[in-house]
Amino acid sequence: MKSPDPRTFLPLSPLAFQVLLSLADRSRHGYAIIAEIAERTGGEVAVRTGTMYLLLQRMVANGLIEEAASRPRADEDDERRRYYQPTALGRAVSAAEARRLETLVGQARRKQVLGRR
Amino acid sequence: MSIDPELRQMRHDAARARAGSAAPVRAWHALAERLDFARAAAGERRAARTRAPISGGPLMLFDDLHLAWRRLRGKPGTALTAVAMLTLAIGVSSAMFAVADHMLFSAAPFKDADRLRRVFLGETIRDSRSNASPPLARQFRQVPAFADVQYLMQDSVYLEGLAGLASKGAYWVSPGIFDMLGVRPMLGRTFTNDEGRQGTSDRAVISERAWRGELGADPNVIGRRVTLSGEPYTVIGVMPSTFRFPYESTQIWLPYDIDAPPAERVTRRVDVVVRLDADVPEADAASLAARATAAEVSATDKQGVLLRPLEAGLLDDYSRTAIQTLFGGVLLVFVVLCANAANLMLARVTARRAEFGVCTALGASRRRLLTQAVVEAGLIGVAALVAGTMLAAALVAATRNLMPEYILWRTLNPIALDLRALLATAGLAVVATLVAGVIPSWIATGASATASLRVESRGSTESRGARLWTRTLLVGEVALATALLVGAGVLVTSFVRLMRADPGLDLRGVTMVGVSLPSPYFKDRPARAAVTESIERELRSLPGVTAVSLSFGAPPSGGGFSWGHLVADGQPLPGDAEQIVFQSQVGSDFFDVYGIRLLSGRTFAPGEDVNNVIVSEGLASMLWNGQSPLGHRFRFADGKTDMTVIGVAREVRSALSDPREDLPEYYQPFGGAGGSTMMLGLRCAGACPSEAVIRERLRAANPQAVPYRVASMASLYAQQFERPNTAASLAAMFSVVALIAAAGGLFSILTHAVGRRRREFGVRSALGAEPAALRRLVLRDGLATAAVGVAIGAGLSALGSKVLTSIAFGVSAANPAVWTAVIATIVGATLLASWRPAVQAMRADPVELLRDN
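Just so you know, the protein sequences line up as chains A and B, in that order. Quick note on our numbering: the first sequence kicks off at 7 and runs consecutively. Quick note on our numbering: the second sequence kicks off at 1294 and runs consecutively.
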């Protein structure tokens, strides 16, 4: 199957972007993603489990993330957990979204929305 | 229902992680999590359903129904509003359909009504005769194309009842006519074939109305002797009030045998009703009939046979046009309400686009999603159908009670919510459901999974397709509301003008009493003169009565009319049109009593020459075109003596609402009491005595004198206002419903749009847009929609203006005042509907908005 153009996903929902960011360095299970996002954003972005669950399903459906084949050591694991990792498309989409945001911030700078430096 | 273990695990992880935090916070988190968990669990269940393979079958439908019910219950506000709107749409249109159908379209309520025909003699209907000489009429039985031939002959009789004499419409009918029509009496029997000859014609079938009214619903009425115009008859049957034949006013049927009629009816002409043979085409039947009867055509008959269906509707042009126009108006309201419901449903399903996207991503086909949406719309449709039918039944019942009786009697069909109306209701419901439910679902389920993710995350406006559809519906609603408002405006303005129109006489403090002295009871002129004098004396002595004028003929339509070619001063009027002129015979005090001003000349003196007349303004200008008519002479071309004009009176407007029916009039001197019909005008100081008091006094004067009309002049004229009043009120009601619906639609759509564009407004505001500018943005959005709608509505009204003008009184659909009012109303409603959304946009706080998400 030909993978779709990442740009068709832009702008990405902030939460989906956060999930992709969270999975950028390693595969995580659902609650680990929530915890990582909360930690990284200093508690600004607090996601509920149900929301995350639906979001993950949607992102899997869209081919942005997939279930990871590799699992951690058995003593840390619970068989009911599913571990996710970004797909190639997911990585491309998160990169494209990051670039888009960068451009946007650049524009805001030039308009001095963020104040004079 | 099991929950995906992963979700359960995620929740478990979360609970464990929270175990360290403080108790109240923990409790709060736990609650919030539980709610969220429940939502996700429901989502999981839903997804499980949509993922099910497309197999169809009853179980699936049950699932769909269950799901649809849960969804509707989950967001009952929109669903209930949609049901309410569709209910209103279906109910009002069905009720109007029932009325219009019974008044205009339905066949007469008889057996094989589509094969029943009235026979007319002549080549064209314009100059045809409706009745035939008996030999010719008998000959129709030889026509093979006619399966049945029956005869009837009009009459009118005085029925002696509980409250004295009452004039009743009667028909002599051949005994087989009841079988031909397929009707049965509610009591007793109808005529047998040996009735209607000399010696057996003293039987009568009476209507339920006469039985309940004049005969006091006598349980032993069958076999009872009644007196009709002084002759004894035996009641043998009572027909239910739903049987109206050949006219709604017919209440007595008497037997008539065309082969052996009683001596007094041997030569009377008869109407012929036939049933066509099913196998012979109608055109052939008419020519067969003409050929078979040619030998019997007498000097008084006409060549040629025309067959016309028995029409149920007996409406005049005004009512016919008015009912059609109002029916059209109702259909417009129907469309507006459906469009509104469609918009609501569209907003509702648009909000679920993300869900549809996920379902699609998870493998649900569009057909599957559509099926679900259709089931949901179907539930709303069924609810609206049930409620709409009840509403229609209530409205039809109300119509029966509220409509002026003389309109209700103008159809052979009693108005009811019958099968046809119910079928129409069901049809309307299907259309409404399709428009309001299925089309929005089609648009919303078209979302691709990716698009739905994107749109939801950004909170921008809805998809292009949805927006286009929404705006189109709104523009349509405004356009139809405009057209309805123009219609209502024209009819209301017309009604106001009608109320203010000068009838040409004084309506206050005058009551008209029309009295008949039936010849069976009052044999000769001196007898009638004596009774008349005593009646006049009685009325004069009533309290409050200051003057009584005895005449033959009274406003608004005189006593009789003359027609023909007019000859003024020996010169025939140009053109060959025949003129119809009302004529009355009046005394010297007539003009004072009725308040008709004499413009020039004088009133009649006692013993006035019978050829001296007073003409109305209209007749004067028709004959002498502006010159003073005093001393001039005129006559009808076939009249022998000239009439000399001695005075000119104000034109009495006989039919205010329709100038075509308004005829000029002239007055001749009253020849003195002794006629069998007379009118007494009572001029009263203040209010006139009530109808009951007057009738009581008349009965006291002579129980056999029949007061066929006792009415104040004001109420006689008010009757003319009733139809325009009904039309104007209904039109106003329809347009108000449409306006409210359109404004409500505008309001909800703008609110919706502003809600979706909050981020945009926040950004705009952050970038320095003035709040007022934001408000302008939204208001302009609303006004632009309204402006396009008004423009299209103007086009629509132009299309309908001809019909509208024909039932309006001196107002055209292009009336600037009406248009100013309509545009002002629409602009006002638009501003009202846009104001709150606009203020919401203005209040968009950039900080809060940017923090969202």
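We treat Cβ as the ideally placed atom computed from N, Cα and C, and that holds for glycine.
Which partner residues does B/Arg1424 have in the DSSP bridge list? Here the sequence assigns Asn to residue 1424 of chain B, which means Arg is not the residue at that position. Note: B/Asn1424 sits in a beta bridge opposite B/Asp1564.
If you measure from the CB of B/Leu1710, is any heavy atom of the ligand MN nearer than 7 Å? In the structure shown, the ligand MN is absent, as is every other ligand, since no ligand is present at all.
To the nearest angstrom, how far is it from the Cα of A/Ala75 to the Cα of B/Ser1734? 39 Å
Just how far apart, CA to CA, sit B/Thr1520 and B/Pro1548? 16 Å
Using DSSP bridges, identify the partner residues of B/Asp1448. B/Ala1463
Using only the alpha-carbon positions, how far apart do B/Tyr1444 and B/Arg1517 sit? 26 Å
What residues of chain A sit near B/Leu1662, judged by a beta carbon separation below 7 Å? Correct list: empty, because the minimum Cβ distance to chain A is about 15 Å.
Interface residues of chain A around B/Val1651 at Cβ under 8 Å? Leu60, Gln63, Arg64, Ala67
Using the rule of at least 16 other Cβ atoms within 10 Å of the residue's Cβ for burial, across every protein chain shown, is B/Arg1304 buried or exposed? buried
From the DSSP secondary-structure annotation, give me the bridge partner or partners of B/Trp1546. B/Tyr1464, B/Val1498
Is B/Met1396 buried or exposed, if buried means 16 or more other CB atoms sit within 10 Å of its CB? buried
Identify, in the order they occur along the chain, each residue of the same chain with its Cβ nearer than 7 Å to the Cβ of B/Lys1404, setting aside the five sequence neighbours on each side. Leu1474, Gly1475
Closer than 9 Å, Cβ to any Cβ of chain A: which residues of the region 1632 to 1656 of chain B, in chain order? Ala1647, Gly1650, Val1651, Thr1653, Ala1654, Leu1655, Gly1656
In three-state terms, what does DSSP make of B/Val1771? helix
Is it buried or exposed for A/Asn68, if we count other Cβ within 10 angstroms and need 16 for buried? buried
Taking the alpha carbon of A/Gln118 as the reference point, which residue from B/Asp1472, B/Ser2127, B/Leu2060 has its own alpha carbon closest? B/Leu2060
Since B/Glu1299 meets chain A, which of its residues come closer than 9 Å, beta carbon to beta carbon? His35, Gly36, Tyr59, Leu62, Arg86, Arg87, Arg88
Please confirm if the region 1969 to 1977 of chain B is in contact with the region 1757 to 1776 of chain B, defined as three or more CB-CB distances below 8 Å between the two stretches. no
What did DSSP end up calling B/Gly1350 once you bin it into helix, strand or coil? With a pLDDT of only 48 at B/Gly1350, under the threshold of 50, the placement of this residue in the model should not be trusted, and no figure is reported.
Roughly how many angstroms separate the alpha carbons of B/Ser1753 and B/Ala1690, rounded to a whole number? Bear in mind that the predicted position of B/Ser1753 carries a pLDDT of just 48, short of 50, making it unreliable; the figure below should be weighed with that in mind. Using only the alpha carbons, I get a separation of about 50 Å.
Taking the Cβ atom as the reference point for each residue, do B/Val1260 and B/Met1378 lie within a distance shorter than 8 Å? No answer is possible for residue 1260 of chain B: it lies beyond the span of chain B, which begins at 1294 and ends at 2146.
Which of the three DSSP states is assigned to B/Leu1866 in this structure? coil
Three or more C-beta pairs closer than 8 Å, one from the region 1433 to 1444 of chain B and one from the region 1564 to 1582 of chain B: is that the case here? yes
So who's on the other strand from B/Cys1977, going by DSSP bridges? B/Val1838
Does the Cβ of B/Thr1560 have 16 or more other Cβ atoms within 10 Å, making it buried, or fewer, making it exposed? exposed
Per-residue contacts from B/Asp1306 into chain A (C-beta, under 9 Å): His35, Gly36, Tyr37, Ala38, Ile40, Ala41, Thr55, Asp84, Arg87
With a threshold of 8 Å, are at least 3 pairs of Cβ atoms found where one atom belongs to the region 2034 to 2041 of chain B and the other to the region 2088 to 2104 of chain B? no
Please classify A/Glu72: does DSSP put it in a helix, a strand, or coil? strand
Could you check where the alpha helix (DSSP H) with B/Arg2129 kicks off and where it finishes? 2109 to 2135
Quick check for students: name the residue ranges of the alpha helix (DSSP H) that lie wholly in the region 1568 to 1606 of chain B, counting only runs of 4 or more. 1575 to 1586
Can you have a look at B/Gly1650 and say buried or exposed, based on whether 16 or more other CB atoms are within 10 angstroms of its CB? buried
When we look at the beta-carbon of A/Thr14 and count the other beta-carbons within 10 Å, is it buried (16 or more) or exposed? exposed
Proximity below 8 Å, CB of B/Leu1458 to CB of B/Tyr1464: no
In three-state DSSP terms, what is B/Val1886? helix
Should B/Ala2122 be flagged as near chain A, meaning a C-beta pair shorter than 8 Å? no
Look up B/Phe1413 in the DSSP assignment and say whether it is helix, strand or coil. strand
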